[in-house]
Amino acid sequence: MEIEGHPTQDLIEELERRGAIRIPGTTAGPSVESLSALTERLGTSQGTWLFLMANAYDTGFDEFPS
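If you're matching positions, the sequence shown starts at 320 in this note's numbering and goes up one per residue.
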């Protein structure tokens, strides 16, 4: 669960403000459909891919106690 003020979420939001684009994917790479749409929108350009695992948001604070 993404929580307001989570350091990972804050970093992603700051990168997006600076022009980063969030694209879903797996360890095999970005989603082919999303990548095609991005290429149509921006053309071919240089950049850096960042793989952020889904559990990066797991802090233990957003789970209900057992």
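Where is the CB? At the ideal position from N, CA and C, for every residue including glycine.
Treat the numbers as computed from the prediction; the structure is a model and nothing was measured.
Compute the beta-carbon to beta-carbon distance between residue i and residue j, rounded to the nearest angstrom, for a pair I have assumed lies under 8 angstroms.
i	j	result
ILE342	SER350	6 angstroms
ALA373	THR327	The Cβ separation is near 11 angstroms, so there is no contact.
In the DSSP output, which residue or residues are listed as bridge partners for residue i?
i	result
THR363	Answer is none; THR363 lacks a bridge partner.
PRO349	GLY344
Only counting the same chain, and skipping five residues up and downstream in sequence, which positions put a Cβ closer than 7 angstroms to that of residue i?
i	result
SER353	ILE342 and PRO343
GLU335	ARG341
Note down, in chain order, each residue of its chain lying with its Cβ closer than 8 angstroms to the Cβ of residue i, except the 5 sequence neighbours on either side.
i	result
TRP368	GLY348 and PRO349
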